[in-house]
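This report refers to the structure that appears directly beneath it.
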Amino acid sequence: MVYKRFRWVIIARILFLSALIFLLNYLLLETEYIAAVIIIAGLIIYNIFMLVHYVEKTNRDLARFLDAVKYSDFSQTFMLTGLGSSFNELKTAFNDVIAKFQQARAEKEESFRYLQTVVQHVGIGLLAYDDNGEINLLNSAAKRLLEVTHLKNISQLERRSVALVNTLKSLETGQRSLIKLHRSGEEMQLAIYTTEFLMQSERFRLVSIQNIGSELAETEMEAWQKLIRVLTHEIM
Numbered sequence: 044m045v046y047k048r049f050r051w052v053i054i055a056r057i058l059f060l061s062a063l064i065f066l067l068n069y070l071l072l073e074t075e076y077i078a079a080v081i082i083i084a085g086l087i088i089y090n091i092f093m094l095v096h097y098v099e100k101t102n103r104d105l106a107r108f109l110d111a112v113k114y115s116d117f118s119q120t121f122m123l124t125g126l127g128s129s130f131n132e133l134k135t136a137f138n139d140v141i142a143k144f145q146q147a148r149a150e151k152e153e154s155f156r157y158l159q160t161v162v163q164h165v166g167i168g169l170l171a172y173d174d175n176g177e178i179n180l181l182n183s184a185a186k187r188l189l190e191v192t193h194l195k196n197i198s199q200l201e202r203r204s205v206a207l208v209n210t211l212k213s214l215e216t217g218q219r220s221l222i223k224l225h226r227s228g229e230e231m232q233l234a235i236y237t238t239e240f241l242m243q244s245e246r247f248r249l250v251s252i253q254n255i256g257s258e259l260a261e262t263e264m265e266a267w268q269k270l271i272r273v274l275t276h277e278i279m
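Under my numbering, the letters of the sequence shown match residues 44 to 279, in that order.
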């Protein structure tokens with residue numbers, strides 16, 4: 044509807060301009076009304092200027108709209124006054140589309156913040172890095188287990204444990220490994236599980252780290268208790 048009206052406006056302006064040119068030719072050839080010739084000539088120049096301005100304004104707004112989409116700059120707004128109802132409809136359509144993009148971006152950012160909150164508060168350590176070992180995710184649980192405040196590359200963990208770094212580099216996706224690590228004099232049994240995923244055609248590894256030392260101790264205690272009960276039963 045917007046483009047159809049734009050086309051009819053252009054046609055109407057061209058027809059009006061053609062009529063003025065025809066009238067100017069008639070006045071020049073058939074009459075001697077100099078004042079009328081000057082007025083009509085002025086109207087022709089003015090209408091040519093307005094036609095060019097009208098078309099270029101549409102092109103500029105369309106280019107600005109496409110640039111806003113291309114560079115995700117959804118702070119753009121399009122004024123609705125000054126160039127007629129056809130432009131108002133066009134700019135309303137632009138503003139509606141940009142508003143939809145703004146809403147989609149806001150929802151995406153809200154979902155990302157929600158996911159970040161969940162990742163940071165989950166009890167299992169999470170670590171994500173690319174093929175070069177560059178880390179782009181390190182949650183709070185992983186920082187506590189590894190006793191670090193920040194990491195840029197997994198190679199920095201060699202100060203804590205060379206075996207841990209070797210495991211992170213060699214562990215295949217879907218595999219699980221156990222690593223012993225000391226923290227503040229306490230020996231931890233870390234269960235490490237890794238998986239791979241692609242993001243924007245780049246491969247990443249997501250590693251989960253969990254201290255299962257207490258679970259192993261509890262399992263071992265239950266095994267001893269069962270053994271004691273069996274021995275007691277046999278003795279009696």
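The beta-carbon is built from N, C-alpha and C at its ideal position, and this holds for glycine as well.
Residue pairing for Leu249: DSSP places it in a beta bridge opposite Ala171 and Thr238. For the pair Ser251 and Leu169, the CB atoms are nearer than the 8 Å cut-off.
For Asn196, there is no enclosing alpha helix (DSSP H), as DSSP marks it with neither H nor E. Boundaries of the alpha helix (DSSP H) harbouring Ser183: Ser183 to Leu189, taken from the DSSP string. Only residues of its own chain outside the window of five on either side were considered, and among them Arg219, Leu221, Gln253 and Ile255 have a CB closer than 7 Å to the CB of Ala234, listed in chain order. In the DSSP assignment, Ile255 falls outside any beta strand (DSSP E) and carries neither an H nor an E. Within the model, the alpha-carbon separation for Val112 versus Thr216 is close to 38 Å.
Taken through DSSP and simplified to helix, strand or coil, Glu152 comes out as helix. Around the beta carbon of Asn209, fewer than 16 other beta carbons lie within 10 angstroms, which makes this residue exposed.
Taking 8 Å as the upper bound for CB-CB distance, Ile83 and Leu94 are not in contact here, some 16 Å apart.
Ranking Lys100, Ser154, Leu158 and Asp116 by CA distance to the CA of Ala142 puts Asp116 first. Boundaries of the alpha helix (DSSP H) around Leu211: Val205 to Ser213. Taking 8 Å as the cut-off, the Cβ atoms of Arg246 and Tyr172 do not count as close. If you look at Leu224, you'll find it isn't in any alpha helix (DSSP H); it sits in the beta strand (DSSP E) that goes Arg219 to Arg226.
Looking at Ser227, Asn182, Asn179 and Thr237, the one whose alpha-carbon comes closest to that of Leu207 is Thr237. At the C-beta level, Gln199 and Ser183 stay beyond 8 Å of one another.
Per DSSP, reduced to three states, the secondary structure at Glu99 is helical.
A distance below 7 Å between beta-carbons, with the five flanking residues on each side excluded, links Gly176 to the following residues of its chain, in chain order: Asn196, Ile197 and Ser198. When DSSP states are grouped into helix, strand and coil, Glu73 belongs to the helix group. Here Gln232 carries a strand assignment [DSSP, helix/strand/coil].
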